[in-house]
Amino acid sequence: MNQHQSAPRKTNDGVLFTVIVDSIKHECLIKKEALKQLTALANTDTSIDTIEVFLAFENRISGVARRLVAAGVPNKPLVLTSSTFVSQPHPT
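Start counting at 1 in the sequence shown, then tack on 1086, and there's your number in the working numbering.
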């Protein structure tokens, strides 16, 4: 089975990306504000391009998106906002 995922794409709102849950592709969007929040939480340069920020935090972002899809959160695309990451533990 082909597990190829589309490359993340920058949009006016943030970054559009896909995750695969139970062999089904799900389109997701992480808002610019959420990306800025992630850079602030990690004490990273906030002037970095949104795609670069997404790639730096891709594992964390995709993991959160997969958990939300698996939990049945019903948006197409699934939208991740700054509030999505408020209670997420920061990796050590």
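Virtual Cβ for every residue (Gly too), placed ideally from N, Cα, C.
TODO: Figure out for me which residue from Asp1099, Asn1161, Ser1168 and Ile1110 has the closest Cα to the Cα of Ile1147.
DONE: Of the listed residues, the one whose Cα sits closest to Ile1147 is Ser1168.
Open item on the list: In whole angstroms, give me the CA-to-CA distance for Ile1134 and Ala1151.
Closed with: The straight-line gap from Cα to Cα measures roughly 22 Å.
Open item on the list: Using CA atoms only, rank isn't needed, just tell me which of Cys1114, Val1139 and Ile1116 is closest to Ala1126.
Closed with: Each of Cys1114, Val1139 and Ile1116 was checked against the Cα of Ala1126, and the nearest Cα belongs to Val1139.
Task: Endpoints, the beta strand (DSSP E) within which Thr1136 is located - done: Here Thr1136 belongs to no beta strand (DSSP E); instead the alpha helix (DSSP H) covers Thr1136 to Ala1142.
Task: Member of Val1107, Glu1113, Ser1109 and Asp1108 whose CA lies at the smallest distance from the CA of Val1101 - done: Cα-wise, what sits closest to Val1101 is Glu1113.
Task: Reference Asn1098; option with closest CA among Thr1136, Val1105, Lys1111 and Leu1166 - done: Proximity to Asn1098 across Thr1136, Val1105, Lys1111 and Leu1166 peaks at Thr1136, based on C-alpha coordinates.
TODO: Quick one: grab the DSSP three-state call for Lys1162.
DONE: DSSP places Lys1162 in coil when its eight states are reduced to three.
Open item on the list: Quick check on DSSP: helix, strand or coil for Val1107?
Closed with: Val1107 falls in the strand class under three-state DSSP.
Task: Val1155 in three-state terms, based on DSSP - done: The answer is helix: DSSP assigns Val1155 an H, G or I state.
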